[in-house]
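Worksheet for the structure shown next.
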Amino acid sequence: MMLRQSALLTLMLSVAFVSGAQGQTPNSDLVVAGRSFAQRVCGACHVVTPQSKALPLLSPPGPSFAALAQRPLLTEQALREFLASNHGTMGPHEAMPNPRLVDYQIDEIVAFMMSLKVGK
Ligand code: HEC
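In the numbering used here, the protein residues as written are 55 to 174.
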């Protein structure tokens with residue numbers, strides 16, 4: 055009985071791990087959803103994809119997502135914490151508002167931004 059339970063737990067944990075953002079391929083549903091969500095929500099201030107034709111409407115603009123993704127400090131964990139926290143006072147003149155995202159939106163954005171890391 056105990057053995058069975060722990061085998062089940064191991065199985066559940068490994069499924070959870072594989073379905074995390076790390077396991078996403080560039081065109082997985084989560085990445086695609088994150089790209090389109092980011093274009094709508096973050097695109098007012100950030101260049102979200104290198105193919106973006108329009109420049110951000112609001113100023114000061116934030117760094118492009120391509121540039122942000124290359125920062126070694128921008129890990130999945132750090133990005134999750136940043137997006138989930140109250141960082142409304144960030145940057146000059148409180149430039150970046152707290153995006154107030156819910157969990158599934160954070161999952162999408164994280165998967166998308168991690169897919170921008172070169173060499174992934
Ligand atoms: C109203 C404009 C605005 C919007 C909307 C916005 N950002 Fe930003 N963001 C900025 C600015 C400006 C900076 C740079 C702040 C600074 O200079 O310190 C920034 C910085 C960042 C950073 C870098 C944080 C760091 O540690 O340096 C990340 C990551 C980021 N934004 C992600 C996002 C995501 C994801 C969204 C959409 C959910 C988003 N931003 C929406 C303006 C915005």
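Don't be surprised by glycine CBs; every beta carbon is placed ideally from N, CA and C.
Check	Outcome
For the segment 161-169 against the segment 119-127, are there 3 or more C-beta pairs whose distance is under 8 Å?	yes
Cutting at 8 Å between CB atoms, please list the residues of its own chain near G145, excluding the five before and the five after it.	P114 and G116
Taking its Cβ as the centre, do 16 or more other Cβ atoms sit within 10 Å of E148, making it buried, or is it exposed?	exposed
Smallest Cα separation from S118: which of N152, P104 and G88?	P104
So, are the CB atoms of I160 and A138 less than 9 Å apart?	yes
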